[in-house]
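Structure record follows, encoded as structure tokens.
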Amino acid sequence: MSNLEAMSPDPSQPADSASTSPAGLAADPPDPGAADPAAIASGAAANDTIFGRILRGEIPCDAVYADDLCLAFRDVNPQAPVHVLVIPREALVNLGDAGRQHRELLGHLLLVAAKVARQEGLEGWRTVINSGAEAGQTVFHLHVHVIGGRPLSWPPG
Ligand code: AMP
Numbered sequence: 005m006s007n008l009e010a011m012s013p014d015p016s017q018p019a020d021s022a023s024t025s026p027a028g029l030a031a032d033p034p035d036p037g038a039a040d041p042a043a044i045a046s047g048a049a050a051n052d053t054i055f056g057r058i059l060r061g062e063i064p065c066d067a068v069y070a071d072d073l074c075l076a077f078r079d080v081n082p083q084a085p086v087h088v089l090v091i092p093r094e095a096l097v098n099l100g101d102a103g104r105q106h107r108e109l110l111g112h113l114l115l116v117a118a119k120v121a122r123q124e125g126l127e128g129w130r131t132v133i134n135s136g137a138e139a140g141q142t143v144f145h146l147h148v149h150v151i152g153g154r155p156l157s158w159p160p161g
């Protein structure tokens, strides 16, 4: 692993804005994942994916960034000259398992995705999070694809 620079939380930002609802919006809905045994169980299952094994150091990866919340590494089957996956260390299956308690983590993953993209020299890039088999998810541990280095068409397939 090289050229790693851990990203610390921005001290100028509030530590937790979870209690602040955006202006004009109703209060946050109940957290669907807060105490859901199914979500907890599926989170445990995420530990058993290949990404869980990478996080535990059981199999290697080509890492490009790491910090206490996440790991970013090159996709083994790249779909573009740059194809990096950013994964949380916490075992979340996908966005369907995320609750209010994950807001800071999810924001962090997106900031790291942008950091990695810039680190890779990209001026434009695509971030993708597949949630569920129907959407093309094949590894059931939440991951953000960072794809770039070639023209990307829209809509995706
Ligand atoms: P998704 O289809 O959104 O679940 O994406 C899973 C991605 O993980 C695919 O792009 C795979 O190529 C990638 N992948 C699977 N196993 C590995 C691995 N051991 N190291 C790096 N990337 C992997």
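Heads up: the sequence shown runs through residues 5 to 161, numbered per the numbering used here.
Glycine residues also receive a C-beta, built at the ideal position from the N, C-alpha and C atoms.
Check: Cβ-heavy atom distance, valine 143 to ligand 1, below 8 Å; Outcome: yes
Check: Cβ shell of isoleucine 63 (< 8 Å), same chain only, five flanking positions each side left out; Outcome: Ile54, Arg57
Check: Threonine 79 versus leucine 146: straight-line alpha-carbon distance, rounded; Outcome: According to the sequence displayed, residue 79 carries aspartate and not threonine. Approximately 14 Å between the Cα atoms of the pair.
Check: Residues bridged to glycine 152 [DSSP beta-bridge criterion]; Outcome: Val86
Check: Pairwise C-alpha distance: glycine 161 and proline 155; Outcome: 15 Å
Check: Beta-carbon proximity check, isoleucine 91 vs valine 150, cutoff 9 Å; Outcome: no
Check: Own chain partners of leucine 110 with C-beta closer than 7 Å, once the 5 adjacent residues on each side are dropped; Outcome: Ala102
Check: Boundaries (first-last residue) of the beta strand (DSSP E) holding phenylalanine 77; Outcome: 74 to 78
Check: Three-state class that DSSP yields for isoleucine 54 in the structure shown; Outcome: helix
Check: CA-to-CA distance, tyrosine 69 to alanine 137, given in whole angstroms; Outcome: 27 Å
Check: Sequence-distant residues of its chain with Cβ nearer than 8 Å to isoleucine 133 (five each side left out); Outcome: Asn98, Leu99, Leu146, His147, Val148, His149
Check: Exposure label - alanine 139; buried when at least 16 CB within 10 Å; Outcome: exposed
Check: Histidine 106: CB within 8 Å of a non-hydrogen atom of ligand 1; Outcome: no
Check: Cβ pair leucine 59, leucine 113 closer than 9 Å; Outcome: no
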